[in-house]
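Everything below concerns the one structure shown next.
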Amino acid sequence: MRYPPILLVEDNAADEALTLRAFVKNKILNQITVARDGSEALEHLFGESSANQELPALIVLDLKLPKLDGFEVLRRIRADERTRLIPIVILTSSNEEEDILFGYQAGANAYVRKQVNFTDFVATIGTLGLFWLLISEPPPGAGPPAVLPAAPTNSSP
Amino acid sequence: VSQQPLDGIDTLRYPDSSSLLSAIVNSSDDAIVGKTMEGTITFWNPAAQRLYGYTADEIVGRPITTLCPPERVGEVKQFLAMIGRGERVVHHHTERRRKDGSTFPVSVTISPVYDADGALIGASSIARDITREQQDEAEIRHRTAELERAIRNLESFTYSVAHDLRTPLRALGGFSAALLEEYADSLDETGRGYAGQIRDASDQMGRLIDDLLDLSRVARAELRLEAVDLGAEAARIAEELRRGEPDRLVAFSGQRPACAWADRRLISTVLQNLLENAWKFTSHRDQASIEFGSMPTEDGRICFYLRDDGAGFDPAYTGKLFSPFQRLHSAEDFPGTGVGLASVQRIVERHGGRVWAEGAVGAGATFYFTLSAEEPYALPAHPARRGQRRRRGADAAGLCEE
């Protein structure tokens, strides 16, 4: 069985290592691509090399990123027909009400705070992976852009 | 100038009311100027001379517009028309011109003047130089802007603390945990102990940072006041604590209702902190009791209290209870960061109230708080507030029934 890929957008090397470790500890075996800033994330999704690539089943997004911040990345992903339904989980240090609100307004599906305690963090990543990769039904037509239904929200009868 | 506008003064027991009036007018610090309905100056007091620079001889008989900058001439004519219709001009802020041509800001009040038969014969104006007030206002605006900027800086600083300090901390905690999990065999007992210390210390610092952020949020949060039944909130929190530790025997008694005009979320934080404290500091007792209630203060307001029969504290340190990170018990006996009571104090003070504590070692503790002083600061106006404020002292219970 093939597992759909995950895109992790994370600029901090230690956080990247810890997050990858938490995925492994939870036996989440999906291929994980890491983008180290906002523009790298967009390049991965929309750049030239993305044409024949499978779109991620889940995007795990940090907010405070060099170049383009997480909110902007989120808006660009939501603005594009091919990627606008991909589940996006914000994974960040901040629990400022404002960030949470902006995150949802920009189209995030979930907002999760990174814990300092590693045992708690592993448990969080496990729950997150379990929910978004197994329990939650993916958006219909997720996969190659060709099979995406045209603009479901604007559909007239 | 007629005495008529100062109606009533001549009933005072002065033999010569007109000399009294001229003494008042002459000693006034405000410039008092009389004029006809055509705008010709008829009266000029010493303060007017000081303000405008003209002597009475120079100015009486000349048009009132002499005292205006050219762009204000229309305004003066408009005011005379208003006086003609029997209206008044009260504390109007405008500009006037001195003899030397310089202009300055004034607050001016203009009233009609009637003769003995009640016929309108002119107008009197009282003008006050408000240069100083305007400078003060500008200064206040400037300082407010500076303060707002400082608060914004503080907010962004707090935000960086949240994000930037937690990130390296997560690395400390995460990698020391990884060391313990995967390299435990390569480390001896002492080495594992050291790695454990790093992990525990980073957890503790994570909690401190979070508590500190909560504290700063409490200070920044906007107050949304409503009638809150503190008794119901306390009972709810006590029930949650009981569910968390079902084996403990704690008798909770709470007054219902016990109402106050408060921000529901913030006041719940107060009760949560106080109850958690009471719960924690009674943990060594087989049977403990915690009581929440209210009582009137000497000045007729309401004081809420939470009493426990737990470990108590040394009254000598009462003053330190509410400072952040101050702890009167060792972390081994009773865990905590020492921020809870600091939050309680900030919230109570933001409600215009006061918090204090009584206790003795081994004899339990009682925390008291009021929620509104006579001049609560940052208490926004609320249409229903006045009536409810009045009722609060005598009949706070009525608040919650609406």
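First to last, the sequence lines map onto chains A and B.
Residues in the first sequence are numbered from 979 upward in steps of one, following the working numbering.
Residues in the second sequence are numbered from 90 upward in steps of one, following the working numbering.
Backbone N, C-alpha and C fix where the C-beta goes; we use that ideal spot for every residue, glycine too.
Quantities reported herein were computed from a predicted structural model and do not represent experimental measurements.
Check the Cβ-Cβ distances between A/Asn1004 and every residue of chain B, and say whether any is below 9 Å.
no
Check for me: the alpha helix (DSSP H) holding B/Met492 runs from which residue to which?
Nothing can be reported for residue 492 of chain B, as the shown portion of chain B is limited to 90 through 491.
Neighbour-count burial assignment, B/Ile356, 16 or more Cβ in a 10 Å radius:
Buried, since its Cβ has 16 or more Cβ neighbours within 10 Å.
Does the structure place the region 1053 to 1064 of chain A close enough to the region 225 to 239 of chain B that three or more beta carbon pairs sit under 8 Å?
no
What is the DSSP secondary structure of A/Tyr981, counted as helix, strand or coil?
Coil.
Measure the alpha-carbon distance for B/Ile326 versus B/Gln223 and round it to whole angstroms.
Computed Cα separation, rounded: 52 Å.
What is the rounded straight-line gap between the Cα of B/Asp484 and the Cα of B/Pro385?
Because the pLDDT at B/Asp484 is just 42, under 50, the model does not fix this residue reliably, and the value given afterwards should be weighed accordingly. Rounded to whole angstroms, B/Asp484 to B/Pro385 spans 10 Å at the Cα level.
Is there a Cβ of chain A sitting closer than 9 Å to that of B/Tyr141, yes or no?
no
Assigned secondary structure, B/Asp422 (DSSP; H/G/I helix, E/B strand, else coil)
coil
Does the beta-carbon distance from A/Val1012 to A/Leu1036 come in below 9 Å?
no
Where do the ends of the beta strand (DSSP E) carrying B/Ala377 lie?
Gln376 to Pro385
Leaving aside the five residues before and after B/Val450 along the sequence, list all residues of the same chain whose C-beta is less than 6 Å from its C-beta, in chain order.
The beta carbon of B/Val450 sits closer than 6 Å to those of Gly401 and Asp403, all from its chain and outside the five residues before and after it, given in chain order.
CA-to-CA distance, A/Leu986 to A/Thr1070, given in whole angstroms
12 Å
Between A/Val1090 and chain B, is the shortest Cβ-Cβ distance under 9 Å, so that the two count as touching?
no
So that I know if they touch, is there some Cβ in chain B lying closer than 9 Å to that of A/Gln1083?
no
7 Å CB neighbourhood of B/Phe168 in its chain, flanking five on each side removed
Val178 and Ile199
Taking only three categories from DSSP, how would you classify A/Lys1003?
helix
Alpha carbon to alpha carbon, how far is B/Arg332 from B/Glu380? Give it in angstroms, no decimals.
Roughly 18 Å separates the two Cα atoms.
Which ranges does the beta strand (DSSP E) cover as unbroken runs of at least 3 residues, wholly within the region 110 to 170 of chain B, from first to last along the chain?
120 to 124 and 130 to 133
Can you name, in chain order, every residue of its own chain whose Cβ lies under 7 Å from the Cβ of A/Gln1093, other than the five neighbours on each side?
If the five residues before and after A/Gln1093 are omitted, its C-beta is found closer than 7 Å to the C-beta atoms of Phe1099 and Thr1102, all from its own chain and listed in chain order.
Which residues in the same chain as B/Glu447 place their Cβ atom closer than 6 Å to its Cβ, once the five residues preceding and following it in sequence are excluded?
Thr455, listed in sequence order.
Cross-chain neighbours of A/Thr1097 in chain B, by beta carbon under 8 Å
Ala266
Going along the chain, which unbroken runs of the beta strand (DSSP E) with 3 or more residues stay wholly within the region 179 to 237 of chain B?
192 to 203 and 209 to 218
Cutoff 6 Å; reference B/Ala120; Cβ partners in own chain excluding five residues on either side:
Ala136, Ala137, Leu140 and Ala216
Report all residues from its chain with a CB closer than 6 Å to the CB of A/Ala995; omit the five preceding and five following residues, and keep chain order.
Residues of the same chain with a CB within less than 6 Å of the CB of A/Ala995, apart from the 5 flanking positions on each side, do not exist.
Determine the burial state of B/Ser116: buried for a count of at least 16 other Cβ atoms within 10 Å of its Cβ, exposed for fewer.
Exposed, since its Cβ has fewer than 16 Cβ neighbours within 10 Å.
Give a yes or no on whether 9 Å exceeds the smallest Cβ distance from A/Asn1008 to chain B.
no
Under 7 Å Cβ-Cβ, which residues of chain B neighbour A/Glu994?
Simply none; closest approach about 11 Å.
Between B/His252 and chain A, is the shortest Cβ-Cβ distance under 9 Å, so that the two count as touching?
yes
State the DSSP-derived secondary structure class of B/Val317, mapped to helix, strand or coil.
strand
Terminal residues of the continuous beta strand (DSSP E) containing B/Gly42?
The first residue shown for chain B is 90 and the last is 491, placing residue 42 of chain B beyond what the model contains.
Short of 6 Å in beta carbon distance, which residues of its chain neighbour A/Trp1110, apart from the five on each side in sequence? Order them along the chain.
Leu1036 and Pro1065
Counting only beta-carbon separations shorter than 9 Å, does A/Gln1031 have a partner in chain B?
Not an interface residue.
Give a yes or no on contact between the region 200 to 211 of chain B and the region 249 to 265 of chain B, applying the rule of three or more CB pairs nearer than 8 Å.
Proximity of the region 200 to 211 of chain B to the region 249 to 265 of chain B falls short of the contact definition, fewer than three beta-carbon pairs being nearer than 8 Å.
Quick check: is the beta carbon of B/Ala136 nearer than 9 Å to any beta carbon in chain A?
Answer no: the Cβ-Cβ gap between B/Ala136 and chain A never drops below 9 Å.
Could you name each continuous beta strand (DSSP E) segment of 3 residues or more that falls completely within the region 1045 to 1105 of chain A, going from the start of the chain to the end?
Qualifying beta strand (DSSP E) stretches, in chain order: 1066 to 1070 and 1088 to 1091.
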